[in-house]
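In the numbering used here, the protein residues as written are 309 to 558.
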Ligand code: ZN
């Protein structure tokens, strides 16, 4: 089997400036995600960070990425709009899956791809119970009916996302709030997954179920082989929604 090329993009600022975050994720939370994805033996994982050249995603990296994982928080606005457009086009063309983690709900690529402002309510860190609402879904493989995270940042409904194509996980928080914590979207020919756990001062990326869900999501979002040739610049179709498609007149 061809290895899945995964790029884990992290803003990678908190880990450099806040001692408690550095203690949890000394090499950055993206390095920890890369480590457990690498353990599958099925994935070739690349690390990317905002302060890297070309914001971590030069053409040759993005063009070689099957699934892009995104964690950002304080520097969403610094992400270059041209880069966001390249990411969006690649997802819509079915060449790359996209996974937004935690505060990635407000990231430019997630908002652009899914079509939302990504707004939600949030509050103090507290106990969270994640409920497996769709056990037959590939992203729920191996996940029990529920599991507990002792500490996560409260995210609450209303969450301003379009109706998900599949709602795989729901969350209950100690203060009584609920949240659509794991949601799938099909956009163009591409697949998108949003997953809520992953606050930078919490240990969620150490949790085996969180790791399994992110791993499952990579397999799910990996582009399907599209069984038709895709010429560019077809003159016969006016509304070109992806980069590429087959034209019957050619
Ligand atoms: Zn957070």
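Just so it is clear, CB atoms sit at the ideal spot from N, CA and C, and this is done for glycine as well.
Less than 8 Å between the CB atoms is what I'm expecting for residue i and residue j, so what's the real figure, rounded?
i: residue 428; j: residue 477; result: Contact flag wrong, Cβ pair sits at about 15 Å.
i: residue 521; j: residue 498; result: That pair is no contact at about 19 Å.
Apply the 10 Å Cβ neighbour rule to residue i and answer buried if 16 or more other Cβ atoms are within range, or exposed otherwise.
i: residue 546; result: Any reading at residue 546 must be qualified, since the residue scores a pLDDT of 49, below 50, and its modelled position is unreliable; no value is offered.
i: residue 315; result: buried
i: residue 324; result: exposed
Looking at the structure shown, is residue i part of a helix, part of a strand, or coil, going by DSSP?
i: residue 471; result: coil
i: residue 507; result: coil
i: residue 512; result: helix
i: residue 313; result: strand
i: residue 543; result: Bear in mind that a pLDDT of 49 at residue 543, under 50, signals an unreliable position, so the model cannot answer this.
i: residue 333; result: coil
i: residue 558; result: A caution first: residue 558 carries a pLDDT of 49, below 50, which makes its placement in the model unreliable, though a value can still be read off. In the structure shown, residue 558 sits in coil (DSSP, three-state: anything other than H, G, I, E or B).
i: residue 455; result: strand
i: residue 484; result: coil
i: residue 398; result: helix
i: residue 442; result: coil
Of the choices the options, whose alpha-carbon is the least far from that of residue i?
i: residue 457; options: 344, 523, 516, 416; result: 516
i: residue 459; options: 506, 473, 501; result: 506
i: residue 388; options: 358, 441, 320, 435; result: 358
i: residue 511; options: 322, 314, 329; result: 329
When you measure from the CB of residue i to every non-hydrogen atom of the ligand ZN, does any distance come out below 7 Å?
i: residue 507; result: yes
i: residue 411; result: yes
i: residue 461; result: yes
i: residue 384; result: no
i: residue 381; result: yes
Answer yes or no: does any C-beta atom of chain B fall closer than 8 Å to that of residue i?
i: residue 485; result: Absence of chain B from the displayed structure is noted, only one protein chain being present.
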